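One structure is given below, encoded as structure tokens.
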Amino acid sequence: MTQSTTEQSQSVIPREYKTFLKEIKERILSSQVKAAVAVNRELITLYWEIGTTVHQKQKSEGWGAKTIEKLLEGKYFSTFFP
282 MTQSTTEQSQ
292 SVIPREYKTF
302 LKEIKERILS
312 SQVKAAVAVN
322 RELITLYWEI
332 GTTVHQKQKS
342 EGWGAKTIEK
352 LLEGKYFSTF
362 FP
């Protein structure tokens with residue numbers, strides 16, 4: 282059975298270098314997870330604040346004011362956030 286070029290090159294790499302590469306890979310993956318968590322936290326906060334603002338507007342104007350419908354019928358948000 283013959284080894285592939287990748288397997289052959291992997292077997293030539295010293296153990297210390299493999300450990301070094303593994304540590305770098307783990308740091309990259311860890312940072313990617315931290316970044317995703319931070320983005321999700323920020324988005325959840327944004328959505329919560331928007332929901333609170335809309336709720337307060339509905340409460341002050343009354344249910345019949347159609348606050349949400351007014352937000353959706355205009356093209357304002359779709360222009361800036363397609």
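In short: position in the sequence shown from 1, add 281, done, that's our numbering. The C-beta atom is built at its ideal place from N, Cα and C for all residues, glycine as well. Here the structure is a predicted model, which is why all the values come from computation and not from measurement.
Exposure of threonine 334 is indicated by the presence of fewer than 16 other C-beta atoms within 10 angstroms of its C-beta.
Secondary structure of glycine 343 (DSSP, three-state): coil. DSSP places phenylalanine 362 outside both helix and strand once states are collapsed to three, so it counts as coil.
When secondary structure is reduced to three states using DSSP, glycine 332 falls in the helix class.
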